[in-house]
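Encoded as structure tokens, the structure appears first; notes follow it.
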Amino acid sequence: MKIYLSIILIIIAKIAPAFASDNDNVKEKFNKRIKPCMNIKYSPYVTDCMMNEVEKVKKEYNGEFSNYLKSPKTQDKITHNKKTLIQLANKAKEGWDLYMENECLAEASVYEKHNDSYNATYNICLIEKYNQRIEYYKNNTF
985 MKIYLSIILI
995 IIAKIAPAFA
1005 SDNDNVKEKF
1015 NKRIKPCMNI
1025 KYSPYVTDCM
1035 MNEVEKVKKE
1045 YNGEFSNYLK
1055 SPKTQDKITH
1065 NKKTLIQLAN
1075 KAKEGWDLYM
1085 ENECLAEASV
1095 YEKHNDSYNA
1105 TYNICLIEKY
1115 NQRIEYYKNN
1125 TF
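Take the sequence shown: its letters are residues 985 to 1126, numbered as in our numbering.
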């Protein structure tokens, strides 16, 4: 069991910086999210922790998307084309969600499916991609 935990921590230490974006806010959020999981000693709990962090950031991502659609600029300035704007934003979100899923599956596919290394890589990738899009929604209102 110790060997699996060591492997997971090595993978997290090696790949986490690679996922960190150039944006300092994204890096900071990413590091805050994975740090509690890196302090866990038993590997199945690390996987559970990472999955919980993915769920938290996914919830934040969906909330930020909702705020993005309700931004003051959207409500006030673009009323003549709001329906089209919202449809296109939803389509873009669907595209991002599909890209994110496939990108993270591809990155994790270098490991045996559903082992600890695979799960850690996949979850770290999801956290990073969600954080990137959250920053986009916050910084790019209509």
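Ideal placement from N, C-alpha and C gives every residue a C-beta, glycine not left out.
{"Item": "Cβ contact check for the stretch 1041-1056 and the stretch 1067-1079: 3 or more pairs under 8 Å", "Value": "yes"}
{"Item": "Cβ-Cβ distance between residue 1100 and residue 1038 below 9 Å", "Value": "no"}
{"Item": "Closer than 9 Å to chain D by CB, residue 1101", "Value": "Included in the structure is just one protein chain, with no chain D present."}
{"Item": "Counted within 10 angstroms of its Cβ, other Cβ atoms place residue 1027 as buried (16 or more) or exposed", "Value": "buried"}
{"Item": "Beta-carbon spacing of residue 1118, residue 1013 below 9 Å", "Value": "yes"}
{"Item": "Helix, strand or coil at residue 1038 according to DSSP, with G and I counted as helix", "Value": "helix"}
{"Item": "Secondary structure of residue 1108, DSSP reduced to three states", "Value": "helix"}
{"Item": "Nearest neighbour of residue 1050, chosen from 1090, 1092, 1073 [CA to CA]", "Value": "1073"}
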